[in-house]
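Chains as they are written, first to last, in numbering that gives the first Met the number 0: chain C, 0 to 782; chain G, 0 to 595. Cβ atoms here follow ideal geometry from the backbone N, Cα and C, with glycine treated the same way. Here is the structure we will look at.
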Amino acid sequence: MNTELSRRSLLALATATGALTALPAFTASAAPQRPDNSASHDSSSHDHLWWQAPADEGSMIEQGLPIGNGRLGALASNDPGRELLLVTDATMWTGGLNDTLDTDGQFPYGRDDFGSFTLLARLAVEIPDHDLSAVSGYRRTLDLAQGVITTSYVRSGVTYRRQIFASHPDDVIVLHFSQSGGGRYTGTVTLEGTHGEGSSVSFGAAFPNGLRYGAAVTAYGTGGSVTVRGPDVSFSACEELTVVLSGGTNYAPDAAAHYRDPSLDPERLARTKVRTAARHSADTLLRTHVTDHRALFGQLDVTLGTSSEGQRSLDTWERLRARARDGAPDPELEAQYLQFGRYLMIAGSRGSLPLNLQGLWLDGNDPDWMGDYHTDINLQMNYWMADRTGLSGCFDAFTDYCVDQLPAWTELTRTLFNDPRNRYRNSTGKIAGWTVAISTNIHGGMGWWWHPAGNAWLCNSLWEHYEFTARRSHLEKIYPLLKGACEFWEARLLTMTLPGTSKEVLVADSDWSPEHGPLDAKGITYAQELVRALFGNYCAASAELKKDTAYASIVAGLRKRLYLPQVSPTTGWLEEWMSPDNLGETTHRHLSPLVGLFPGDRIRPDGSTPADIVDGATALLTARGMDSFGWANAWRSLCWARLKNADNAYQLIVNNLRPSTHGSNGTAFNLFDIYEVEQGRGIFQIDANFGTPAAMIEMLLYSRPGHLELLPALPDAWAASGSLVGAGARGGFVVDLRWRDGKPTEARIRSVGGRTTTVAYAGSSRTVTLKPGATVTLRDFDR
Amino acid sequence: MRSSSYSAMPARALRALVVLALTAAAAPVAHADSGTEASLATKPYMGWSSWSMQSSKYPGLNPDGDYSYLTEANVLKQTDAMAAKLKKYGYEYVNIDAGWWRDTTWKPAFDEYGRQKADPVRFPSGMKAVADRIHAKGLKAGIYLPAGLEKEAYGGGRTPIWNADGCTTADIVYDDLRTTNGWDSSYKLDFSRPCTAKYIDSQAQLIADWGYDFLKLDGVGPGSGKSGDQYDNVADVAAWNEAIAATGRPIHLELSWSLDIGHAADWKKYSQGWRIDTDVECYCNTLVSWENSVDDRWDDAPAWTRHAGPGGWNDLDSLDVGNGQMDGLTKAERQSYATLWAIAKSPLYTGDDLTRLDSYGLSLLTNREVIALNQDGTPPARPVTPSDPQQVWAAKNPDGTYTVALFNLADAPAAVTGDWTTLGFTGKAAVRDLWNHENLGTYKNRITQALPAHGSRLFTVAPRGTEVTFTAYEAESSGNTLVGNASVADCSACSGDHKVGNLYLGGKLTFNDVVVDKAGTYQVKVAYISGDSRSAAISANGGGATRHKFPSTGDWGIVETVSVPVSLKAGTNTITFDSGTGYAPDIDRIDVPKSS
């Protein structure tokens with residue numbers, strides 16, 4: 000099938016799904032609101048990560064510090080003599096719709112056809128006299144609360160300081176160089192493309208896929224001189240220097256426009272942005288940024304206990320090493336790790352595209368798995384944390400992405416899914432709605448193998464956001480996705496008579512339980528669980544919106560007939576395939592058959608689920624082991640938290656905090672999670688940086704609509720005292736929780752739309768009824 | 000004492016002194032006692048050597064084939080550049096390396112007495128004229144010879160030996176013509192035969208007559224990759240020492256390469272310096288490279304440290320830091336290279352093209368504080384915390400200060416901490432940065448600096464605090480737990496005359512009653528013995544172990560110390576040394592500081 004999707008058909012689909020409102024990611028914007036001078040920028044050292052060495056340019060992914068304004072991101076080396084920034088824009092993608100299937104009926108998955116996330120530019124600020132070997136007292140700090148990197152050092156008696164941040168309001172990256180003691184800055188600023196554009200104070204170019212991109216830099220200083228011209232910026236004897244960078248693409252999240260805004264000239268827009276920002280002092284830009292960042296960061300506060308003075312005296316890397324070596328809990332470090340995840344969420348997911356496998360942070364143009372949007376765990380995991388940690392606004396990029404891709408996904412499904420070469424095609428011969436492949440890109444395209452149940456998992460994730468926020472507008476936005484996914488499954492489900500019985504059930508057609516075992520298994524647990532949840536969510540959405548009630552009753556009927564997995568009499572595990580046999584890898588990274596335990600709700604240890612199912616799930620989780628890749632550990636931790644096993648849940652978090660050396664699984668110097676793809680080669684994969692914090696929250700607060708449970712899996716390490724202030728809870732609440740000696744002392748519950756919920760602790764519960772906006776404070780949990 | 004001492008006294012008078020010494024001692028001459036050579040190598044020598052450029056494939060250096068860089072014109076060009084740029088900083092020797100008697104196809108030439116003869120294409124004016132030209136610039140001249148009788152000089156055994164009536168080449172080798180030296184390029188000399196020393200005398204007289212001040216004797220064993228009787232050239236070296244003395248000309252004798260540390264006493268007795276390692280050159284498109292083999296020296300130098308001193312020095316090989324592009328090193332690597340050479344008291348001779356030094360290279364080669372440190376007679380530095388790629392090396396100076404070098408041998412920038420406890424004091428200390436000529440101020444208990452990949456810092460640290468007090472725990476204490484093959488053994492060099500050894504393949508030693516007042520990370524000083532480089536996994540209280548490297552002490556009878564960080568809790572602790580699946584050093588004792 001070589002036919003390119005016609006503009007008309009996409010337009011028609013886009014109209015049908017109501018997705019024509021999106022603006023380009025990189026766009027002219029109104030002047031930001033400036034904070035008044037009184038805005039406090041105090042920041043606690045609890046929110047400071049710090050290091051005593053800069054990054055190696057060859058190890059930026061492990062050692063560079065990330066900044067981002069939700070679209071424009073960078074890794075900074077913080078080397079005194081040569082500050083290197085590897086700059087990205089979330090939309091900087093090669094490839095395209097990728098609508099010609101390979102001979103096996105699956106999608107090509109290369110950097111040209113499917114495409115890849117790539118770097119936008121490199122920026123280097125060279126200050127030759129400040130060679131690292133010549134400076135003393137070097138230190139760099141990432142202030143999570145302010146969103147600022149600060150580097151300081153002494154050279155010949157002068158203290159030099161530089162601050163780097165990515166401003167959402169001004170849509171630029173700012174580097175501010177200052178000093179005290181009569182020092183001067185002399186050097187050059189070089190901006191260069193990474194796709195052969197060369198170096199220049201601004202550049203613009205286009206990919207073969209038609210995506211135009213561009214970037215620009217400017218600089219200004221006091222004392223001395225600054226020259227912005229030609230291939231670079233030079234500065235001489237400046238007392239102070241400010242460098243401003245912007246850039247982006249003409250990507251438009253609009254399938255009907257083939258994801259382009261033809262009128263947008265990115266280079267020109269970047270030049271305008273840096274010129275506009277450069278009218279303001281560095282201090283004004285900083286205060287504007289900090290005010291904006293704090294408004295989000297301040298939504299959640301977490302304290303897990305008190306660390307020792309010895310632990311506090313160590314820099315972040317040494318602290319990680321000591322945590323692993325000495326085995327002593329470091330509750331402040333563990334809380335910092337959680338907050339670092341929130342920092343990345345704020346930096347990486349605001350109004351543009353959602354966080355891909357690496358967020359906004361790359362060290363080259365060949366990220367593993369293209370830095371794409373994987374739909375069989377990774378994209379979903381990236382967003383488990385957002386609502387739980389007061390960052391519901393950051394979730395919107397995920398929603399928008401799905402909505403904006405839906406026309407293309409629908410068309411690709413309609414035209415390609417039932418290709419006779421596709422082993423996963425519907426044997427019913429019917430086709431409806433939409434689904435996805437394991438990989439998706441930003442151009443409506445898909446990569447690698449078809450992933451039929453991916454649509455259900457995406458929808459369930461979007462539905463959960465509704466459960467947290469109770470926002471009807473969100474529900475209206477995602478409703479077409481839910482409905483289309485149900486239609487897909489209505490066409491796909493097969494009727495099967497269970498062997499040895501006369502019972503007829505509905506099962507998913509041939510599929511692959513991610514990412515192991517048989518390729519053509521019917522009724523895999525993964526699909527059965529996800530589709531069951533999808534159908535339930537759809538019916539609830541239909542009822543809430545009072546839409547398509549007749550169709551909802553059809554879906555409800557299908558739901559009742561869905562086959563649900565059994566416990567294998569052979570292994571004692573919840574079956575992954577409709578087979579008592581272990582057909583895959585026992586300790587496989589994915590927990591696909593446990594998707595009903597987390598993030599799903601079907602398997603609960605509260606007596607509502609048959610005990611054998613809970614036992615089977617627990618046995619399977621036990622068999623999967625405690626030592627896997629970062630995201631796999633995070634998922635395991637979340638499952639153990641759901642099973643109220645605090646020791647295992649905590650141990651898996653500790654495992655993820657192990658310092659990564661020589662590419663081993665664990666946490667890098669810069670706290671990025673490292674995934675060991677092969678012996679000695681680790682790559683950055685961001686999902687664990689979000690999944691692990693999600694697990695930490697899940698240990699402290701469990702929620703589902705109508706039910707909250709306090710401290711379900713509180714580990715000993717955090718039991719002495721702590722607090723979680725601003726955590727989102729499903730059902731439409733925000734919870735402020737404090738505890739001491741392992742027991743809650745106070746739970747303050749505020750409704751953001753929720754009305755009634757039970758609040759449980761250690762087997763006893765009470766019911767709370769609130770109006771939206773109202774708050775209740777509960778105490779006396781001993782009784 | 001230093002400059003041109005040999006010209007201060009007529010040669011004849013010197014020779015008389017030697018004879019007197021010989022008569023008086025009635026024993027082979029030991030140079031330390033000899034009047035002629037007392038002035039040699041009082042400090043590590045400084046200069047230039049031709050080999051780095053000869054051995055490199057850097058474009059343009061060797062246009063007429065491998066090693067063809069070595070010519071009279073090039074040597075004199077370097078002589079002029081050294082006189083102009085480096086002489087005033089103490090650089091003195093211009094050393095001609097291998098090949099001066101070989102043509103561009105490496106075919107050798109010998110005189111009628113089987114002695115090496117200048118290749119007329121390389122050195123059209125002859126070797127004496129070159130030495131004269133070097134001397135005319137106020138510099139000293141160095142030359143090179145391989146150990147043994149080169150096979151091509153044998154001449155069927157009929158070649159007469161100069162000034163040795165009746166002796167021919169057949170009379171100086173073994174009947175079986177056994178070969179020797181690092182390349183087996185010579186017949187081994189048989190010093191039990193009376194003619195043999197005459198041959199060395201004849202060579203020595205020739206280079207003395209030419210006016211050379213320095214001889215590199217290469218391929219010397221045990222060493223140069225060889226061992227065993229056939230490659231034992233100790234007698235050659237002894238003969239050279241005597242022959243040089245007999246010429247009456249002070250000629251510095253430097254031995255090469257990878258000399259066997261087991262014979263350190265011989266090398267010290269007969270020579271003024273010895274290469275401890277393989278060639279620093281990479282034989283590639285640059286002069287050297289970090290991995291091949293500059294960085295070997297951090298592992299290999301520690302065993303030798305104790306052998307360096309006035310009269311003889313540990314030679315780490317050429318210091319090729321003068322031109323980043325030609326050297327094939329980063330700035331940070333060049334500074335680290337120069338730092339190690341300086342603190343190890345290695346001779347400082349560069350192999351760079353002195354006509355093409357870059358400004359950074361010149362600043363490294365002419366840093367007066369660093370040169371002074373190398374030349375000032377203070378002891379060489381040793382690693383105090385060698386376990387990590389982040390290493391601290393130090394030496395205590397007679398004036399109470401410490402020389403402290405921080406190294407980051409990792410491939411990425413890292414913070415390196417020098418903890419004053421590992422030096423033996425706590426409290427404050429004033430820190431002087433030698434490379435940057437800066438006083439950095441006062442640092443309490445430690446200094447931490449960010450270092451680039453393969454980077455370094457070099458400080459003089461002046462303590463203002465108090466001495467650390469330690470509690471000693473003997474390995475052989477009956478309260479300790481030994482596991483596996485671990486056992487107590489006699490050890491005359493050890494405190495308590497005992498150690499715990501046989502720590503291999505699961506052997507473990509646990510100190511059971513290590514008491515400290517406060518929890519913290521303690522710099523535990525480990526006194527150990529290890530004839531080769533080994534490691535042990537060290538843990539406290541059964542917690543996570545960290546594997547630490549222990550550099551060779553050079554000999555199974557020598558105790559050295561290093562410090563390792565160990566996290567202890569208040570009260571009683573255990574500290575375990577676990578050999579794991581490998582071999583750990585023998586442990587004499589640990590000293591635990593009173594405070595962390």
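For Gly-220(C), the pairing in a beta bridge is given by DSSP as Leu-240(C). For Gln-334(G), the chain C residues whose Cβ falls inside 8 Å of its Cβ are Ser-132, in order along the chain.
Interface with chain G (8 Å Cβ-Cβ cutoff): Gly-326(C) is included. Residues of the same chain with a CB within less than 6 Å of the CB of Ser-224(C), apart from the 5 flanking positions on each side, are Ser-235 in chain order. When C-beta atoms of the region 46-56 of chain C are compared with those of the region 124-142 of chain C, three or more pairs fall below 8 Å, so the two segments count as touching.
What Leu-372(G) touches in chain C, judged by beta-carbon distance under 7 Å, is nothing: the nearest beta carbon there is about 17 Å away. In chain order, Met-45, Gly-46, Met-81 place their CB closer than 6 Å to the CB of Tyr-90(G), counting only its own chain and leaving out the 5 sequence neighbours on each side. Rounded to whole angstroms, the Cβ separation of Leu-359(C) and Gly-347(C) is 5 Å, and the two are in contact under 8 Å. Excluding five sequence positions before and after Val-530(C), the CB atoms of its chain that fall closer than 6 Å to its own CB belong to Ala-455, Trp-488, given in chain order.
A straight-line Cα-Cα distance of about 11 Å links Ala-277(C) and Leu-240(C).
Between the region 406-414 of chain G and the region 449-460 of chain G there are three or more inter-stretch CB-CB distances shorter than 8 Å, so the stretches are counted as touching.
Contact annotation: Asn-511(G) and Thr-470(G) have beta-carbon atoms that are not nearer than 8 Å.
Not one beta carbon of chain C lies nearer than 8 Å to the beta carbon of Gln-202(G).
The region 633-646 of chain C makes no contact with the region 676-683 of chain C, as fewer than three CB pairs between them are under 8 Å. The continuous stretches of beta strand (DSSP E) do not include Val-320(G), and DSSP gives it neither H nor E. A direct Cα-Cα distance of roughly 41 Å separates Glu-71(G) from Trp-392(G). Taking 9 Å as the Cβ-Cβ cut-off, the region 402-423 of chain G approaches chain C at Asn-407, Ala-409, Asp-410, Ala-411, Pro-412, Ala-413, Ala-414, Val-415, Thr-416, given in chain order.
In terms of beta-carbon proximity, Lys-443(G) stays away from the interface with chain C, with every pair separated by 8 Å or more.
Shown here, Asp-410(G) sits in coil according to DSSP, grouped into three states, outside any helix or strand.
Our two residues, Lys-429(C) and Arg-491(C), have alpha carbons roughly 7 Å apart in a direct line. Inclusion of Arg-729(C) and Glu-466(C) in the CB contact set at 8 Å is warranted, their separation being smaller than that value.
Assignment of beta-bridge partners to Pro-221(G) by DSSP yields no partner. Residue pairing from DSSP leaves His-453(G) without any beta-bridge partner. The beta carbon of Gln-448(G) falls within 8 Å of a beta carbon belonging to chain C, placing the residue at that interface. Under the 8 Å criterion on CB atoms, Asn-313(G) is classed as non-interfacial with respect to chain C.
Neighbourhood of Gly-519(G) in chain C, by CB distance below 9 Å: Gly-309, in chain order.
Judged by DSSP in its simplified three-state form, Asp-175(G) adopts coil rather than helix or strand. One thing to note: Ile-612(C) has its Cβ no nearer than 8 Å to the Cβ of Val-653(C). Under the three-state reduction of DSSP, Glu-280(G) is assigned to strand. For Arg-355(G), there is no enclosing alpha helix (DSSP H), as DSSP gives it neither H nor E. Look at Tyr-159(C): its C-beta is not under 8 Å from any C-beta on chain G.
The beta carbon of Tyr-400(C) sits no closer than 8 Å to any beta carbon of chain G. In the DSSP assignment, Arg-641(C) falls within the unbroken alpha helix (DSSP H) covering 629-641. Boundaries of the alpha helix (DSSP H) harbouring Tyr-478(C): 471-491, taken from the DSSP string. One Cα belongs to Arg-154(C), the other to Val-242(C), and the distance between them is close to 21 Å.
When the Cα atoms are used, Gly-615(C) and Pro-711(C) turn out to be separated by approximately 21 Å.
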